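Visitor:
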Amino acid sequence: MSWPGPSDPSDCQVHNGTTRNFGFTMPNGHPKKNKTAERLKIFRQWLADTDEDERKLLIRELLNDCDLPNLEYISMLISRLRVARSRPTTNGSKDPLTLLPSHIVLRIMAYLDPVSLCRSSRVSRYWRLVCSEPMLWRTLCQLPREFRLCSAEAESSQLRSHTSECGTIRWKEAFSERYRLWRNWHAGRCVVRTFTGHTQGITCVQFDDDRIVSGSSDTTIRIWDLRGSSDVGNLGTMALNGHSATVRCLDLNGNVLVSGSNDFSIKVWNVDVNPRWSSIGCRMTMLGHSNYVRCLQMDHEHLISGSYDMHLKLWSLNTGACVRTLVGHNDSVLCVQYRDRDSLAVSGSADNSIKCWDTRTGRPEMTIHNAHDNAVTCVRFDDHRIVSGSVDRMIKMWDVRTGKCMHTIDWKLAEGHTGVVRCLQVDTWRIVSAADDRTIKVWNVDSLQRLCTLHSHEDGVTCVQFSDRQIVSGSYDKTVKLWDFSRC
Numbered sequence: 001m002s003w004p005g006p007s008d009p010s011d012c013q014v015h016n017g018t019t020r021n022f023g024f025t026m027p028n029g030h031p032k033k034n035k036t037a038e039r040l041k042i043f044r045q046w047l048a049d050t051d052e053d054e055r056k057l058l059i060r061e062l063l064n065d066c067d068l069p070n071l072e073y074i075s076m077l078i079s080r081l082r083v084a085r086s087r088p089t090t091n092g093s094k095d096p097l098t099l100l101p102s103h104i105v106l107r108i109m110a111y112l113d114p115v116s117l118c119r120s121s122r123v124s125r126y127w128r129l130v131c132s133e134p135m136l137w138r139t140l141c142q143l144p145r146e147f148r149l150c151s152a153e154a155e156s157s158q159l160r161s162h163t164s165e166c167g168t169i170r171w172k173e174a175f176s177e178r179y180r181l182w183r184n185w186h187a188g189r190c191v192v193r194t195f196t197g198h199t200q201g202i203t204c205v206q207f208d209d210d211r212i213v214s215g216s217s218d219t220t221i222r223i224w225d226l227r228g229s230s231d232v233g234n235l236g237t238m239a240l241n242g243h244s245a246t247v248r249c250l251d252l253n254g255n256v257l258v259s260g261s262n263d264f265s266i267k268v269w270n271v272d273v274n275p276r277w278s279s280i281g282c283r284m285t286m287l288g289h290s291n292y293v294r295c296l297q298m299d300h301e302h303l304i305s306g307s308y309d310m311h312l313k314l315w316s317l318n319t320g321a322c323v324r325t326l327v328g329h330n331d332s333v334l335c336v337q338y339r340d341r342d343s344l345a346v347s348g349s350a351d352n353s354i355k356c357w358d359t360r361t362g363r364p365e366m367t368i369h370n371a372h373d374n375a376v377t378c379v380r381f382d383d384h385r386i387v388s389g390s391v392d393r394m395i396k397m398w399d400v401r402t403g404k405c406m407h408t409i410d411w412k413l414a415e416g417h418t419g420v421v422r423c424l425q426v427d428t429w430r431i432v433s434a435a436d437d438r439t440i441k442v443w444n445v446d447s448l449q450r451l452c453t454l455h456s457h458e459d460g461v462t463c464v465q466f467s468d469r470q471i472v473s474g475s476y477d478k479t480v481k482l483w484d485f486s487r488c
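Per UniProt numbering, the sequence shown starts with residue 1, numbered consecutively.
(1) Using DSSP with H/G/I as helix, E/B as strand and the rest coil, what is H455?
(2) Just the Cα atoms here: how many angstroms apart are V205 and V105?
(3) With a Cβ-Cβ cutoff of 9 Å, do K478 and H198 count as a contact?
(4) Please classify S244: does DSSP put it in a helix, a strand, or coil?
(5) Do you know offhand how far N370's Cα is from A350's?
(6) Whose C-alpha, out of M310, R324, L136 and A239, is nearest the C-alpha of C282?
(7) Terminal residues of the continuous beta strand (DSSP E) containing D484?
(8) Residues bridged to F381 by DSSP?
(9) Buried or exposed for P114, please, with buried defined as at least 16 other CB atoms from any protein chain shown within 10 angstroms of its CB.
(10) Looking only at its own chain, which residues have a Cβ that is under 6 Å from the Cβ of D373, when we skip the five neighbours before and after it?
(11) Please classify F195: is it buried, with 16 or more other beta-carbons within 10 angstroms of its beta-carbon, or exposed?
(12) Do you know how far the Cα of L413 is from the Cα of I108?
(13) Return helix, strand or coil for V391, following the three-state DSSP convention.
(14) Could you round the C-beta distance between V376 and L326 to whole angstroms and report it? I think they count as a contact, below 8 Å.
(15) Closer than 8 Å is the cut-off here; do at least three beta carbon pairs connect the region 290-307 with the region 250-265?
(16) Quick check on C405: does DSSP put it in helix, strand or coil?
(17) Any idea what DSSP makes of K41, helix, strand or coil?
(18) Going by CA-CA distance only, name the one from A37, V432 and T98 that's closest to Q449.
(19) How would you label G233, buried or exposed, when you count the other beta carbons within 10 angstroms and need 16 or more for buried?
(20) If we count the other Cβ atoms within 10 Å of its Cβ and call it buried at 16 or more, is G306 buried or exposed?
(21) Using 9 Å as the threshold, is the C-beta distance between V461 and A435 below it?
(22) Relative to the C-alpha of H289, which candidate in V273, Y308 and G242 has its C-alpha closest?
(23) Is the beta carbon of W429 less than 9 Å from the beta carbon of E155?
(24) Taking only the alpha-carbon atoms, compute the straight-line gap between Y292 and C141 and give it to the nearest angstrom.
(25) Spatial neighbours of V123 within its chain, please: C-beta separation below 6 Å, excluding the five flanking residues on both sides.
(26) Kindly indicate which residue of H243, L77, V426 and F43 has the alpha-carbon position closest to the one of H384.
(27) Rounded to the nearest angstrom, what separates S132 and T168 at their Cα positions?
(28) Report the rounded CA-to-CA distance for K355 versus Y338, giving the unit in angstroms.
(29) Please report the straight-line C-alpha distance between L63 and D53, rounded to a whole angstrom.
(30) Can the beta-carbon of R465 be found closer than 9 Å to that of D484?
(31) Who are the Cβ neighbours of T285 in its own chain at under 6 Å, not counting the five residues just before and after it?
(32) Label H457 either buried or exposed according to how many other C-beta atoms from any shown protein chain fall within 10 Å of its C-beta, with 16 as the threshold for buried.
(33) Entirely within the region 423-456 and at least 3 residues each: give me those beta strand (DSSP E) ranges in chain order.
(34) Near N253, what residues of its chain come up, given a Cβ to Cβ distance below 7 Å and the 5 sequence neighbours on each side ignored?
(35) Round the Cβ separation of M135 and S176 to the nearest angstrom and send it over; I've been treating them as touching at under 8 Å.
(36) Tell me the residue span of the alpha helix (DSSP H) that contains M109.
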């Protein structure tokens, strides 16, 4: 983590007295130095003859013509200039920072962690001004690993919520929100909200900003309203009836919901709700599996499903037709993740194996035999790794290219789960897992260190989903729980 260095070696020298160099000078010997100096002289004279409104118009038009690298450079110069101009002018100051060029001061402060940066702001008025510089907090927000949100889309959305009407990002506010979330996730601090209404165990959950969708052994799908102010949900906002057996899996994308069931069917639902009307209802039923539909996921125009009939099927969401059947597992398919952009699917099975499929050909590109000592109940993958959970209570991490096991979370040695691992989800820095031991555990995805264990369910936890602010879980105890890390 470093700031751009000075453009001239002389800028690094300590300046005593009132003459200061902000790092804006052109290097000696530059072939265009004299010509540029003459143009700057004319430009300054022109500025002196303009009023404030004309200057603002000029600045706005100049910025509109700048590309992103130039805007970043301008932001850096503004930070340096602001620090330099806020420096005390007393020659007898004993503060060493006041003797350094502004860009050196900013570089020093950029090495501080956020807690130290806040503490440093208490030293003096000058230090407080330096420590409040947006560039410092932007650097913290852009660290490669720490304090990041789960996706680029989530980060963009968060920054928009901290952007002023004139387009200025309040970087310190944005980082403060991220740091509070990061601290609460590591400490397991959250507010728990419980939703009751299902008459049998919960088997699957999905959620977005406005609602939770849950499926149950009672054959219903319930939609819970998250916009209500009550801390306890007593009844589902709406119940969807259509399946004739346990609802085993769900996937929600916008206003499209897909569900798979022990009645061998897959249903596509429209869950759009407006204040004056509702178009909620089943829009399509897909039939083709000859046993329970255990897992599914949609991506763009396709849906993939896995079944106890040992097959995976790729479906068109537009027509409902089965595009391709993927054959290769020797026992029930229990979990699958699908990524349409590179036609990649990863599945886990009761035959203890993990398979990576090319959905264009329907053939497995890689098989990890005996990945676990028992059935593979859950898998997630990204560009680098596959993470899997099993009936053997282990969580394992695999290289997505070679299939080599990189890490294992042993329940005996790593404070892992003591029951069947039913579900897990992964993002850029954490793994969240749920198990029959009634707990939800959060792990660091790089070190596999356990960050916290969450207790509240009274029976095994069957399903879990999370965002940067919340976890939603379902359990055999017939409840859905919302764990909110943003309210502490």
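We put the CB at the ideal spot given by N, CA and C, even for glycine.
Every value quoted in this text rests on a predicted model; they were computed, and no experiment measured them.
Guide: Checking against the coordinates, here is how it stands:
(1) Translated into the one-based positions of the sequence shown, residue 455 becomes position 455. If DSSP states are grouped into helix, strand and coil, H455 belongs with the strands.
(2) Taking the first residue of the sequence shown as position 1, residue 205 is located at position 205. Taking the first residue of the sequence shown as position 1, residue 105 is located at position 105. So the alpha carbons of these two residues sit roughly 50 Å apart.
(3) In the sequence shown, the residue the question calls residue 478 occupies position 478. In the sequence shown, the residue the question calls residue 198 occupies position 198. Taking 9 Å as the Cβ cut-off, K478 and H198 qualify as a contacting pair.
(4) For the purposes of this step, residue 244 is taken as residue 244 along the sequence shown, with counting starting at 1. DSSP places S244 in coil when its eight states are reduced to three.
(5) To locate residue 370, count along the sequence shown from 1; it is residue 370. To locate residue 350, count along the sequence shown from 1; it is residue 350. Computed Cα separation, rounded: 10 Å.
(6) Looking up residue 282 in the sequence shown gives position 282. C282 has its Cα closest to that of A239, out of M310, R324, L136 and A239.
(7) As a working note, residue 484 is residue 484 in the sequence shown. Taken as a continuous stretch (DSSP letters only), the beta strand (DSSP E) holding D484 covers T479 to D484.
(8) Residue mapping note: residue 381 aligns to position 381 of the sequence shown, counting from 1. F381 pairs with I386.
(9) As a working mapping, residue 114 is identified with position 114 in the sequence shown. Burial call: buried.
(10) Taking the first residue of the sequence shown as position 1, residue 373 is located at position 373. So the qualifying residues of the chain are D392.
(11) For the purposes of this step, residue 195 is taken as residue 195 along the sequence shown, with counting starting at 1. The residue is buried, with at least 16 neighbouring Cβ atoms inside 10 Å.
(12) Stepping through the sequence shown from its first residue, residue 108 is reached at position 108. Stepping through the sequence shown from its first residue, residue 413 is reached at position 413. Near 41 Å, if we compare the C-alpha coordinates of L413 and I108.
(13) What you label residue 391 is simply residue 391 of the sequence shown in a count that begins at 1. In the structure shown, V391 sits in coil (DSSP, three-state: anything other than H, G, I, E or B).
(14) Residue numbering aside, residue 376 sits at position 376 when the sequence shown is read from its first letter. Residue numbering aside, residue 326 sits at position 326 when the sequence shown is read from its first letter. That belief does not hold up - the Cβ atoms of V376 and L326 are roughly 16 Å apart, past 8 Å.
(15) yes
(16) Here residue 405 refers to the residue found at position 405 of the sequence shown. Looking at C405 - three-state DSSP - the assignment turns out to be strand.
(17) In the sequence shown, the residue the question calls residue 41 occupies position 41. Of the three classes helix, strand and coil, the one that applies to K41 here is helix, per DSSP.
(18) Mapped onto the sequence shown, residue 449 falls at position 449. Answer by Cα proximity: V432.
(19) Looking up residue 233 in the sequence shown gives position 233. Because G233 sits at a pLDDT of 45, beneath the cut-off of 50, its placement in the model cannot be relied upon, and the point is left open.
(20) In the sequence shown, residue 306 corresponds to position 306, counting from 1. G306 should be labelled buried.
(21) As a working mapping, residue 461 is identified with position 461 in the sequence shown. As a working mapping, residue 435 is identified with position 435 in the sequence shown. Yes. Within cutoff.
(22) For the purposes of this step, residue 289 is identified with residue 289 of the sequence shown, where counting begins at 1. It is Y308.
(23) Looking up residue 429 in the sequence shown gives position 429. Looking up residue 155 in the sequence shown gives position 155. Contact: no.
(24) For the purposes of this step, residue 292 is taken as residue 292 along the sequence shown, with counting starting at 1. For the purposes of this step, residue 141 is taken as residue 141 along the sequence shown, with counting starting at 1. Cα to Cα, Y292 sits roughly 45 Å from C141.
(25) Taking the first residue of the sequence shown as 1, we reach residue 123 at position 123. Excluding positions up to five away in sequence, the list is empty.
(26) For the purposes of this step, residue 384 is identified with residue 384 of the sequence shown, where counting begins at 1. Closest by alpha carbon: V426.
(27) Position 132 of the sequence shown, counted from the start, is the residue given in the question as residue 132. Position 168 of the sequence shown, counted from the start, is the residue given in the question as residue 168. For S132 and T168, the distance between alpha carbons rounds to 15 Å.
(28) By one-based count along the sequence shown, residue 355 stands at place 355. By one-based count along the sequence shown, residue 338 stands at place 338. In a straight line, the C-alpha of K355 is about 12 Å away from that of Y338.
(29) For the purposes of this step, residue 63 is taken as residue 63 along the sequence shown, with counting starting at 1. For the purposes of this step, residue 53 is taken as residue 53 along the sequence shown, with counting starting at 1. So the alpha carbons of these two residues sit roughly 15 Å apart.
(30) Locating residue 465 in the sequence shown gives position 465, counting from the first residue. Locating residue 484 in the sequence shown gives position 484, counting from the first residue. Here the sequence assigns Gln to residue 465, which means Arg is not the residue at that position. It is not a contact, given that the beta carbons lie outside the stated cut-off.
(31) As a working note, residue 285 is residue 285 in the sequence shown. Answer for T285: S265 and K267, listed in chain order.
(32) Taking the first residue of the sequence shown as position 1, residue 457 is located at position 457. H457 should be labelled buried.
(33) 430-435, 439-444 and 450-455
(34) Counted from its first residue, the sequence shown places residue 253 at position 253. Cβ neighbours of N253 beyond the five flanking positions: M298.
(35) For the purposes of this step, residue 135 is taken as residue 135 along the sequence shown, with counting starting at 1. For the purposes of this step, residue 176 is taken as residue 176 along the sequence shown, with counting starting at 1. With 8 Å as the limit, M135 and S176 do not qualify as a contact, their Cβ atoms being about 16 Å apart.
(36) As a working note, residue 109 is residue 109 in the sequence shown. It spans S102 to M109 - the alpha helix (DSSP H) in which M109 sits, taken as one unbroken run.
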